[in-house]
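What follows is one structure encoded as structure tokens, with my remarks underneath.
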Amino acid sequence: MASIGQIVNPTSGNDALSRARQRAALVPDCLVEAKRIANTVIAGWHGRRKRGIGENFWQFRPYSEGESLSRIDWRRSARDDHTYVRDREWEAAHTIWLWADMSPSMMYKSSYGSVSKESRALVIMLALAEILARSGERIGCPGVMEPISARNAAERLAAALMHTPLTGGLPETVMVRGWSDLILIGDFLDDAPAIMARLGPLARRGLRGHVVEIADPAEEIFPYNGRTEFTDPETGERLTSGRAESLREDYRNAYLARRENLGQSLRHLGWTFVSHRTDHLASEALVAVHMYLSGMPAKATHGGQL
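Mapped onto full-length UniProt numbering, the consecutive letters of the sequence shown carry residue numbers 1 to 306.
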């Protein structure tokens, strides 16, 4: 019987960046422009809109004595007997930390998935860097790259990954300051209590978290039949089943229960949770995370739980 899945070689940063740009182009322009650029400036999405230095128009307000005459909007003032000042909106880049888990289990790819979990995680990570940097955000990667605000943040992140590759498990977050966003991408196959023991303190520090679970279709549907040998990519332990199909129902129940428990625990912290399968477009996960960052409720994607 042919193997359903295999461990693949790690994806290079340059290849992932190329795919990330292709995926970023799939995100509808209206979503990016409407929620990230046209409606508000960076601070506006997070409920901190106020008057200040910036490029975007915010509001007209009555002129106050002593203000500079150069700020008066004479066209608006000509409509009635009042003098109005054109206010611009205060702009401040928000810091968003991106992390993709590169544990051995992420190297898995079955014949049901279009790419490995590791490849999809890198594509989503770099595509988010591309989109967010385009909006003026500060992008960082714990232990790999300090936050920067630059149009070429995706390229710089890819270059940093070539010199300081991502490691397995959850990242060290000592350098992550409160009131930032942290986006974690991985398969999260560890026990939910162990994961929450690491993430709980981050939420209490004021971090807004967004977790993207990457799953291969075979991990969810368990398509194995007959005599099958399973190998744990983390430990190398092996399990042989004479009739793999007899395990399917119990396995699926346990797998989906783990996902549901993790999602509920994260939502209890005020974090968001997106489940994404590698047989679907990466743009589905990008849109969901982008909407969460913009303060909009995301709708469930096909084949994924939010």
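Even glycine gets a Cβ: it sits at the ideal position worked out from N, Cα and C.
Residues that ARG61 bridges to, as DSSP identifies them: Mapped onto the sequence shown, residue 61 falls at position 61. For ARG61, which the question treats as bridged, DSSP gives the partners VAL85.
Buried or exposed for TRP99, going by 16 or more other Cβ atoms inside 10 Å? Numbered from its first residue, the sequence shown carries residue 99 at position 99. Under this definition TRP99 is a buried residue.
Hey, could you find the ends of the beta strand (DSSP E) ARG238 is sitting in? As a first step, residue 238 must be located in the sequence shown, where it is residue number 238. ARG238 -> beta strand (DSSP E) spans 238 to 241.
What residue range does the alpha helix (DSSP H) around ASP290 cover? As a first step, residue 290 is located in the sequence shown; it is residue number 290 there, counting from the start. The question names Asp, but residue 290 is His in the sequence shown. It spans 282 to 293 - the alpha helix (DSSP H) in which HIS290 sits, taken as one unbroken run.
With a threshold of 8 Å, are at least 3 pairs of Cβ atoms found where one atom belongs to the stretch 243 to 255 and the other to the stretch 217 to 231? yes
Reduced DSSP secondary structure (H/G/I, E/B, other) of ASP181: Walking along the sequence shown from the start, residue 181 turns up at place 181. Residue state, collapsed to three classes: strand.
By DSSP's criteria, THR231 is part of a beta bridge. Which residues make up the other side? On the sequence shown, residue 231 is found 231 positions in, with the first residue counted as 1. The partner list for THR231 (beta bridge, DSSP) reads ARG238.
Within a Cβ cutoff of 7 Å, which residues of the same chain sit near GLU146, ignoring the five residues on either side of it in sequence? The residue labelled residue 146 in the question sits at position 146 within the sequence shown. Closer than 7 Å at the Cβ level, and outside the excluded window around GLU146, lie GLY140.
Among TYR63, LEU189, THR173, ASP216, the one whose alpha carbon lies nearest that of ARG205: By 1-based counting over the sequence shown, the position of residue 205 is 205. Comparing Cα positions, the closest option is THR173.
Out of curiosity, what's the CA-to-CA distance linking ALA154 and VAL85? As a working note, residue 154 is residue 154 in the sequence shown. As a working note, residue 85 is residue 85 in the sequence shown. Rounded to the nearest angstrom, the two C-alpha atoms are 39 Å apart.
Can you tell me which of GLY168, ALA121, SER149 puts its alpha carbon nearest to the alpha carbon of SER275? On the sequence shown, position 275 is the one that residue 275 refers to. Among GLY168, ALA121, SER149, the Cα nearest to that of SER275 is on ALA121.
Taking the C-alpha atoms as reference points, what is the distance between LEU189 and ARG258? Along the sequence shown, one-based indexing puts residue 189 at 189. Along the sequence shown, one-based indexing puts residue 258 at 258. Using only the alpha carbons, I get a separation of about 8 Å.
MET145, DSSP secondary structure in three states: Residue 145 sits at position 145 when you count from the first residue of the sequence shown. MET145: strand per DSSP, three-state reduction.
Around the C-beta of SER180, are 16 or more other C-beta atoms found within 10 angstroms, so that it is buried, or is it exposed? The residue you call residue 180 lines up with position 180 of the sequence shown. Per the 10 Å Cβ criterion, buried.
Is it true that the CB of LEU184 sits closer than 7 Å to the CB of LEU207? For this step, residue 207 is matched to residue 207 along the sequence shown. For this step, residue 184 is matched to residue 184 along the sequence shown. For LEU207 and LEU184, no; Cβs fall outside 7 Å.
Under three-state DSSP, which class holds TYR108? Position 108 of the sequence shown, counted from the start, is the residue given in the question as residue 108. Looking at TYR108 - three-state DSSP - the assignment turns out to be strand.
Between which two residues does the alpha helix (DSSP H) holding SER119 run? In the sequence shown, residue 119 corresponds to position 119, counting from 1. First-last of the alpha helix (DSSP H) with SER119: 117 to 134.
Check whether the Cβ atoms of ASP279 and GLY113 sit closer than 7 Å, and answer yes or no. Walking along the sequence shown from the start, residue 279 turns up at place 279. Walking along the sequence shown from the start, residue 113 turns up at place 113. Yes; because the gap between Cβ atoms is below 7 Å, this pair is in contact.
In chain order, what residues of the same chain have a beta carbon less than 8 Å from the beta carbon of ILE148, not counting five sequence neighbours either side? For this step, residue 148 is matched to residue 148 along the sequence shown. So the list reads ARG138, ILE139, GLY140, ARG156, once near-sequence residues are dropped.
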